[in-house]
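*Asks:* Note that my numbering has the sequence shown beginning at 26, numbered continuously upward. Think of the CB as a built atom: it goes at the ideal place given N, C-alpha and C, for glycine as much as any other residue.
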Amino acid sequence: MTQALPRIDTDTDTDPRFDPSRSIRAPRGTELSCKSWLTEAAYRMLQNNLDAEVAEDPQRLVVYGGIGRAARNWECYDQILASLRELEDDQTLLIQSGKPVGVFQTHENAPRVLLANSNLVPKWGNWEHFNELDRKGLFMYGQMTAGSWIYIGTQGIVQGTYETFAEAGRQHFSGDWGGRWILTAGLGGMGGAQPLAATFAGAVSLTVECQQTSIDFRLRTRYLDKQAADIDHAIALIKEHTGKREAVSIGLLGNAADVLPELVRRAREGGLVPDLVTDQTSAHDLINGYLPSGWTVEEWKAAQRDPAQHARLQAAAAASCAKHVQAILDFKALGAYAVDYGNNIRQVAKDEGLENAFDFPGFVPAYIRPQFCEGRGPFRWVALSGDPEDIHKTDAKIKELFPHHAQVHRWLDMARERIAFQGLPARICWLGLGERHLAGLAFNEMVRTGELKAPIVIGRDHLDTGSVASPNRETESMRDGTDAVSDWPLLNAMLNTAGGATWVSLHHGGGVGMGYSQHSGVVIVADGTEAAAKRLARVLVNDSGSGVMRHADAGYESAIDTAKRQGLNLPMIK
Numbered sequence: 026m027t028q029a030l031p032r033i034d035t036d037t038d039t040d041p042r043f044d045p046s047r048s049i050r051a052p053r054g055t056e057l058s059c060k061s062w063l064t065e066a067a068y069r070m071l072q073n074n075l076d077a078e079v080a081e082d083p084q085r086l087v088v089y090g091g092i093g094r095a096a097r098n099w100e101c102y103d104q105i106l107a108s109l110r111e112l113e114d115d116q117t118l119l120i121q122s123g124k125p126v127g128v129f130q131t132h133e134n135a136p137r138v139l140l141a142n143s144n145l146v147p148k149w150g151n152w153e154h155f156n157e158l159d160r161k162g163l164f165m166y167g168q169m170t171a172g173s174w175i176y177i178g179t180q181g182i183v184q185g186t187y188e189t190f191a192e193a194g195r196q197h198f199s200g201d202w203g204g205r206w207i208l209t210a211g212l213g214g215m216g217g218a219q220p221l222a223a224t225f226a227g228a229v230s231l232t233v234e235c236q237q238t239s240i241d242f243r244l245r246t247r248y249l250d251k252q253a254a255d256i257d258h259a260i261a262l263i264k265e266h267t268g269k270r271e272a273v274s275i276g277l278l279g280n281a282a283d284v285l286p287e288l289v290r291r292a293r294e295g296g297l298v299p300d301l302v303t304d305q306t307s308a309h310d311l312i313n314g315y316l317p318s319g320w321t322v323e324e325w326k327a328a329q330r331d332p333a334q335h336a337r338l339q340a341a342a343a344a345s346c347a348k349h350v351q352a353i354l355d356f357k358a359l360g361a362y363a364v365d366y367g368n369n370i371r372q373v374a375k376d377e378g379l380e381n382a383f384d385f386p387g388f389v390p391a392y393i394r395p396q397f398c399e400g401r402g403p404f405r406w407v408a409l410s411g412d413p414e415d416i417h418k419t420d421a422k423i424k425e426l427f428p429h430h431a432q433v434h435r436w437l438d439m440a441r442e443r444i445a446f447q448g449l450p451a452r453i454c455w456l457g458l459g460e461r462h463l464a465g466l467a468f469n470e471m472v473r474t475g476e477l478k479a480p481i482v483i484g485r486d487h488l489d490t491g492s493v494a495s496p497n498r499e500t501e502s503m504r505d506g507t508d509a510v511s512d513w514p515l516l517n518a519m520l521n522t523a524g525g526a527t528w529v530s531l532h533h534g535g536g537v538g539m540g541y542s543q544h545s546g547v548v549i550v551a552d553g554t555e556a557a558a559k560r561l562a563r564v565l566v567n568d569s570g571s572g573v574m575r576h577a578d579a580g581y582e583s584a585i586d587t588a589k590r591q592g593l594n595l596p597m598i599k
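1) Compute the beta-carbon to beta-carbon distance between Leu301 and Val364, rounded to the nearest angstrom, for a pair I have assumed lies under 8 Å.
2) Applying the criterion that 16 or more other CB atoms from any shown protein chain within 10 Å of the CB defines a buried residue, is Lys148 buried or exposed?
3) Taking the alpha-carbon positions, what's the Asp438 to Thr224 distance?
4) At a cut of 8 Å, does the segment 78 to 95 reach the segment 212 to 219 through at least three beta carbon pairs?
5) Using 10 angstroms around the beta-carbon of His309, count the other beta-carbons present and answer buried if the total reaches 16, otherwise exposed.
6) Could you tell me how far apart the beta carbons of Asp304 and Asn368 are, in whole angstroms, since I believe they sit closer than 8 Å?
7) In whole angstroms, what is the alpha-carbon distance linking Pro52 and Leu63?
8) Look at the alpha carbon of Val298 and the alpha carbon of Ala292, and state the distance between them as a whole number of angstroms.
9) With DSSP run on the structure shown, which of helix, strand or coil describes Leu249?
10) Per DSSP, Ala551 is paired with what?
11) Just to check my reading of the structure: Pro317 and Trp325 have Cβ atoms closer than 8 Å, yes? What is that Cβ distance to the nearest angstrom?
12) Under a Cβ-count criterion, where at least 16 other Cβ atoms within 10 Å of its own Cβ denotes burial, should Glu65 be classed as buried or exposed?
13) Determine, using beta carbons only, whether Leu426 and Ala451 come nearer to each other than 8 Å.
14) Rounded to a whole number of angstroms, what is the C-alpha to C-alpha distance between Glu111 and Tyr102?
15) Just tell me which of Ala523, Glu501, Trp406, Asp586 has its CA closest to the CA of Asn18.
16) Does the separation of the CB atoms of Arg405 and Gly181 fall below 8 Å?
17) What does the alpha-carbon distance come out to for the pair Glu113 and Gly127?
18) Do Ala347 and Leu379 have their C-beta atoms closer together than 8 Å?
19) Given this structure, state the Cα-to-Cα distance separating Ser104 from Pro125, to the nearest angstrom.
20) Under DSSP, the beta strand (DSSP E) around Lys269 begins and ends at which residues?
21) For the segment 528 to 543 against the segment 452 to 463, do three or more pairs of beta-carbon atoms, one drawn from each stretch, fall closer than 8 Å, so that the two count as touching?
22) Examine the Cβ distances between the segment 186 to 200 and the segment 163 to 173 and report whether three or more of them are shorter than 8 Å.
23) Could you check what DSSP says for Pro323 in three-state terms: helix, strand or coil?
24) Measure the CB-CB distance between Glu476 and Lys418 and report whether it falls below 8 Å.
25) On the three-state DSSP scale, how would you describe Thr55?
26) Could you pull the DSSP bridge partners for Ser230 from this structure?
27) Using 8 Å as the cut-off, can you tell me whether the segment 140 to 157 makes contact with the segment 71 to 86, which would need three or more C-beta pairs spanning the two stretches below that distance?
28) Per DSSP, what kind of secondary structure is Ile175 in: helix, strand or coil?
29) Check each candidate in Ser492, Asp355, Glu377, Arg441 and name the one with the smallest Cα separation from Gly402.
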């Protein structure tokens, strides 16, 4: 007997991924819905991903990044929660592209959940095949932390963006952004970090955004300081605040494919030239992520829901991306520093015939790779108690553990002052090999003694030192030419599984879209037990250590030095 395939209807009344009645908020406190804190953590974090304070479109299961979802459809979501409630301490739940497909007997130190999202055999690893499966209800785009249940809102990328802007300032402006400005676009789940990160770095910023709702949200959460009425007003505000050396963020409603060429035209006539130009629109997804020039938002949304219009929409969006990239190149020719922020917009433009689209670098080879060589990246943790005071106590513990880490102290102070928690209280803090496990063990002890009210969930972005292969982003321009080798994230996922992580995920296409990346995620729970301490000591060393290994293998001297200093056993490194 052949199983009937569920079909996704574009009519929202019958779409199994859309439920306007859903309003989700993760449980707080110490009362368990599951049989242990390990499964309770996954139970709460899945729900937290779809909290209205966190997700971009929770009633459609969309967390961020175009169509990055937490579960395939609402039936799957409900069953995942039901399975977690019944999961024993020696069982593992398997998730296949947002669908719970099996519970198997494993052991107490095995992950409670293993997830595989959006993975396709390479020849079929493209948006066309993805969309065909997605329309039939057979697949789901997990992005990075959407489908792996460790998204913490825009804070999750703020520090990485800040680190990027700060390093750009050190390289180009002797560390002083005062009186200078950054031009960019996109205020969605990822791009929304840009204005606050620029402010933290000390720069004025102008961010172009095509949806007023996104601007309103960033104003409300204090990621964005003010909105300009039009281009003339934006330019006046830039002049005012750069003149006063004030770090102020400005939003402008418009289409980047139209606004940036107009700003180029004015710059050529003697107008302002940005000091740095970049972009964080969702250009990796030409159906759901980039508004074509000349289209209204309403026309765009309608075309997204109508597969018959997808080819026209993709073509129009791609042409607009090419205009956008050409404007970035024009600014570079006028003296601006230009950097790609990992949304694959250069590749789209090149596919449209813009042969020199890659004439400006990605942010990782330009600014971040030295940190990856030391195993440093976006370490994050979440207070399952729901009490912000638990995060404030962990902030203090990080300062105590690393008293000489001035950059981390400054970050934590800025984050506490300006970053509003979204959903369960959380913190991101870039720590490296030799640091992450110390933090994890300290948090575990704080749970054991009752200093923290409930366990802590520890994870990271997939955008990390050893967990991603993405030739147009994290692994662009590797020293040995291994940009496209995806053995490394596979090894990372297997190592974290063997080490006893609480849940491990393996995804395809996050950040840059189908066919362009493969990456893994890891989450581990500090529940105050001795067993947790042993797992934390293994996983939080192995995870970042695998990143140092990857970069040492590629020949980076700083990674080799880090490996030797931290005592990593790398047989081929002498």
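*Replies:* In short:
1) Contact holds; Cβ gap of about 7 Å.
2) exposed
3) 14 Å
4) yes
5) buried
6) 7 Å
7) So the two alpha carbons sit approximately 14 Å from each other.
8) Computed Cα separation, rounded: 6 Å.
9) Three-state DSSP puts Leu249 in coil, outside helix and strand.
10) Ile481
11) 7 Å
12) Buried: at least 16 other Cβ atoms inside 10 Å.
13) no
14) 15 Å
15) Because the chain is modelled from 26 through 599, residue 18 falls outside the range shown and cannot be assessed.
16) In contact: Arg405 and Gly181 (Cβ atoms closer than 8 Å).
17) 13 Å
18) yes
19) First, the residue type needs correcting, since residue 104 is Gln and not Ser in the sequence shown. Distance between the alpha carbons of Gln104 and Pro125 is about 7 Å.
20) Looking at the DSSP string, Lys269 is not in any beta strand (DSSP E), and its letter there is neither H nor E.
21) no
22) No, they do not touch.
23) Here the sequence assigns Glu to residue 323, which means Pro is not the residue at that position. Residue state, collapsed to three classes: helix.
24) yes
25) coil
26) Ile207, Ser274
27) no
28) Coil.
29) Ser492
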